[in-house]
Amino acid sequence: MKEIYLDNNATTKVDEAVFEEMRPYFCELYGNPSSMHFFGGQVQQKVDEARKRVAALLGASPDEIIFTACGTESDNAAIRSALEVFPEKRHVITSRVEHPAVLTQCRNLTQKGYRVTEIGVDSEGRLDMAELKAAVDADTAIVSLMYANNETGVIFPIEEAAAIVKAKGALFHTDAVQAVGKVPINLAASKIDLLSLSGHKLHAPKGIGVLYLRRGTPFRPFMVGGHQEKSRRAGTENAAAIIALGKACELAGQNMAIENSQVKALRDRLQTELMARIPHARINGGAAERLPNTVNIAFEFVEGEAILLLLNELGICASSGSACTSGSLEPSHVLRAMGVPFTCAHGSIRFSLSRYTTAGEIDTVIRELPPIIAHLRQMSPFGREFLKKQ
Numbered sequence: 131m132k133e134i135y136l137d138n139n140a141t142t143k144v145d146e147a148v149f150e151e152m153r154p155y156f157c158e159l160y161g162n163p164s165s166m167h168f169f170g171g172q173v174q175q176k177v178d179e180a181r182k183r184v185a186a187l188l189g190a191s192p193d194e195i196i197f198t199a200c201g202t203e204s205d206n207a208a209i210r211s212a213l214e215v216f217p218e219k220r221h222v223i224t225s226r227v228e229h230p231a232v233l234t235q236c237r238n239l240t241q242k243g244y245r246v247t248e249i250g251v252d253s254e255g256r257l258d259m260a261e262l263k264a265a266v267d268a269d270t271a272i273v274s275l276m277y278a279n280n281e282t283g284v285i286f287p288i289e290e291a292a293a294i295v296k297a298k299g300a301l302f303h304t305d306a307v308q309a310v311g312k313v314p315i316n317l318a319a320s321k322i323d324l325l326s327l328s329g330h331k332l333h334a335p336k337g338i339g340v341l342y343l344r345r346g347t348p349f350r351p352f353m354v355g356g357h358q359e360k361s362r363r364a365g366t367e368n369a370a371a372i373i374a375l376g377k378a379c380e381l382a383g384q385n386m387a388i389e390n391s392q393v394k395a396l397r398d399r400l401q402t403e404l405m406a407r408i409p410h411a412r413i414n415g416g417a418a419e420r421l422p423n424t425v426n427i428a429f430e431f432v433e434g435e436a437i438l439l440l441l442n443e444l445g446i447c448a449s450s451g452s453a454c455t456s457g458s459l460e461p462s463h464v465l466r467a468m469g470v471p472f473t474c475a476h477g478s479i480r481f482s483l484s485r486y487t488t489a490g491e492i493d494t495v496i497r498e499l500p501p502i503i504a505h506l507r508q509m510s511p512f513g514r515e516f517l518k519k520q
């Protein structure tokens with residue numbers, strides 16, 4: 131069975147050109163880029179080239195790029211640094227719909243005496259900008275807000291938020307893991323101080339990330355030890371993965387128009403057809419600005435886990451808007467923050483496409499999903515009760 135992979139917000143296929151770019155740096159050009167000799171020096175040259183490629187995609191300078199192991203490390207490094215730089219400030223701001231890489235860290239800070247404000251969102255997942263503006267005060271060390279939500283694809287007005295925060299003297303960080311490569315970003319014209327990205331969300335391998343650090347922004351390293359990354363992130367460079375990420379960023383820049391035309395058209399067709407064929411469904415965040423590849427649809431009176439299991443039998447890979455798959459009976463914190471009704475939140479499914487998604491794959495989902503929902507509603511006591519009233 132050939133898989134139909136529509137879970138690209140979880141991870142992406144490594145582009146074959148990216149794999150070929152990194153291949154020689156395992157068994158042939160395996161020198162340590164920090165070594166003085168020529169064998170390591172040639173690897174350092176490729177690492178420098180990769181840094182330039184990442185910077186070009188972000189509209190940044192190469193010296194503002196710090197390579198890390200993942201987006202989670204980058205998020206942790208950004209927030210922890212701000213608290214060390216401003217030890218007298220005891221306030222952190224984030225949102226209620228952040229990825230756990232940020233939200234868990236911020237909530238842990240409350241156990242250490244920090245005051246943490248979580249900004250709310252409306253029913254479409256849009257950030258409450260008035261609440262943000264009122265929350266930032268002289269005690270705020272850093273504000274960390276995601277660029278785009280991993281579950282719904284809703285894009286936050288990050289530039290506006292950064293301007294509000296900077297005007298009040300705090301640092302501003304954005305987790306842009308889902309946004310990089312899908313929407314244009316120009317950090318040279320931005321007020322963002324720190325930005326996180328992860329390679330495996332844009333067709334690079336797992337285990338490589340970046341923390342963008344605006345030149346002149348005060349910083350204390352999270353990982354200490356050697357002199358790597360200009361002493362901003364210790365540890366021997368993961369050269370092969372860094373080189374792969376550089377190539378992936380170059381390709382992402384070249385393919386961004388495809389993301390916002392062809393991929394978006396396939397996403398729009400998928401959501402339009404499913405909404406037309408399946409009654410009592412809703413698009414979570416459908417009225418907000420969203421990433422071009424993401425749609426999160428709530429199907430009333432069914433469980434997301436059951437939908438995923440039946441899709442899985444057909445080789446269709448998606449993910450649930452509910453945390454049921456991790457053993458919890460609670461719907462996702464994102465959907466709860468949006469006030470999505472209980473009967474919808476448990477039946478929410480995320481489809482996330484990539485430039486490798488085909489029209490034929492979308493046709494298959496459009497054909498197979500409606501009978502699955504109808505079948506599950508017949509089995510559900512809520513669904514049967516609902517159908518009796520029709």
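This note's numbering puts the first residue of the sequence shown at 131, with every later residue one more than the last. Note that the Cβ used here is the ideal one computed from N, Cα and C, for glycine as well.
Q. Under a Cβ-count criterion, where at least 16 other Cβ atoms within 10 Å of its own Cβ denotes burial, should H303 be classed as buried or exposed?
A. Here residue 303 refers to the residue found at position 173 when the sequence shown is read from its first residue. So H303 ends up on the buried side.
Q) How far does the alpha helix (DSSP H) with F169 in it reach, from first residue to last? A) The residue given as residue 169 occupies position 39 in the sequence shown. From DSSP, the alpha helix (DSSP H) with F169 extends over 168-188.
Q) Does the beta-carbon distance from A378 to G329 come in below 8 Å? A) What you label residue 378 is simply residue 248 of the sequence shown in a count that begins at 1. What you label residue 329 is simply residue 199 of the sequence shown in a count that begins at 1. Yes, these two residues count as a Cβ contact at 8 Å.
**Q.** Spatially closest choice to I195 from P409, E491, P461, R363, by CA coordinates
**A.** Counting from one through the sequence shown, the residue named residue 195 turns up at place 65. Cα-wise, what sits closest to I195 is R363.
Q) On the three-state DSSP scale, how would you describe V295? A) As a first step, residue 295 is located in the sequence shown; it is residue number 165 there, counting from the start. Here V295 sits in helix by DSSP.
**Q.** Close Cβ partners of A571 (< 7 Å) along its chain, the five nearest in sequence each way excluded
**A.** In the structure as shown, the chain begins at 131 and stops at 520. Residue 571 is therefore absent and cannot be evaluated.
Q) For V144, which three-state DSSP category applies? A) Position 14 of the sequence shown holds residue 144. Of the three classes helix, strand and coil, the one that applies to V144 here is coil, per DSSP.
Q.
Does P335 come out as helix, strand or coil in the three-state DSSP assignment?
A. For the purposes of this step, residue 335 is taken as residue 205 along the sequence shown, with counting starting at 1. Residue state, collapsed to three classes: coil.
Q.
So if DSSP puts H221 in a beta bridge, which residue, or which two residues, is it bridged to?
A. Stepping through the sequence shown from its first residue, residue 221 is reached at position 91. The partner list for H221 (beta bridge, DSSP) reads R245, T270.
Q: Tell me, please, which residues DSSP counts as bridged to M386.
A: As a first step, residue 386 must be located in the sequence shown, where it is residue number 256. Partner(s): none; M386 has no beta bridge.
Q: Along the alpha helix (DSSP H) that carries V232, what are the first and last residues, could you check?
A: As a first step, residue 232 must be located in the sequence shown, where it is residue number 102. Per DSSP, V232 belongs to the alpha helix (DSSP H) from 230-239.
**Q.** Among G469, I502, R399, the one whose alpha carbon lies nearest that of E435
**A.** Numbered from 1 along the sequence shown, position 305 holds the residue referred to as residue 435. Distance check between E435 and each of G469, I502, R399 places I502 closest, using alpha-carbon atoms only.
Q: With a floor of 3 residues, list each beta strand (DSSP E) that falls wholly inside the stretch 355-429, ordered by position along the chain.
A: Fully enclosed beta strand (DSSP E) runs of 3 or longer: 411-413, 424-429.
Q) Which residue's Cα is closest to the Cα of I492: A428, L400, I437? A) Sequence index remark: in the sequence shown, residue 492 carries index 362 (1-based). Among A428, L400, I437, the Cα nearest to that of I492 belongs to L400.
Q) Bridge partners of H303, per DSSP? A) Looking up residue 303 in the sequence shown gives position 173. Paired residue(s): S274, L324.
Q. Going by the CB atoms, is the gap between M468 and S225 shorter than 8 Å?
A. Here residue 225 refers to the residue found at position 95 of the sequence shown. Here residue 468 refers to the residue found at position 338 of the sequence shown. Taking 8 Å as the Cβ cut-off, S225 and M468 do not qualify as a contacting pair.
Q.
Once the 5 residues before and after L187 are set aside, which same chain residues still bring their CB inside 8 Å of it?
A. The sequence position of residue 187 within the sequence shown is 57, counting from 1. If we look at L187 and ignore the five residues flanking it on each side, its Cβ neighbours are V310, G311, I315, C379, E380, A382, G383.
Q: For K331, count neighbouring Cβ atoms within 10 angstroms of its own Cβ and tell me buried if that reaches 16, exposed if not.
A: Locating residue 331 in the sequence shown gives position 201, counting from the first residue. With 16 or more other Cβ atoms within 10 Å, it is buried.
Q: Go to R256, then tell me how far its alpha helix (DSSP H) extends in each direction, as first and last residue.
A: Locating residue 256 in the sequence shown gives position 126, counting from the first residue. Where R256 is concerned, there is no enclosing alpha helix (DSSP H), given that its DSSP letter is neither H nor E.
(Q) Using only CA atoms, which one of F216, G337, P217, T234 lies nearest to N206? (A) Residue mapping note: residue 206 aligns to position 76 of the sequence shown, counting from 1. Taking only the C-alpha atoms, the option nearest N206 is T234.
(Q) Does F349 pass the burial test, meaning 16 or more other C-beta atoms within 10 Å, or should it be called exposed? (A) Position 219 of the sequence shown holds residue 349. Buried, because 16 or more other Cβ atoms sit within 10 Å of the Cβ of F349.
Q. Whose C-alpha, out of V273, V464, I388, E419, is nearest the C-alpha of L324?
A. Position 194 of the sequence shown holds residue 324. Closest in alpha carbon position to L324, among V273, V464, I388, E419, is V273.
Q: Starting from the Cα of V251, find the closest Cα among L262, R245, G243 and give me that residue.
A: Here the question's residue 251 lines up with position 121 in the sequence shown. Looking at the Cα atoms, L262 is the closest of the given residues.
**Q.** Where S482 falls, given that 16 or more other Cβ within 10 Å makes a residue buried
**A.** Residue numbering aside, residue 482 sits at position 352 when the sequence shown is read from its first letter. Burial call: buried.
**Q.** Short Cβ contact (8 Å threshold) for S326 with V307
**A.** Sequence index remark: in the sequence shown, residue 326 carries index 196 (1-based). Sequence index remark: in the sequence shown, residue 307 carries index 177 (1-based). Contact flag set, yes.
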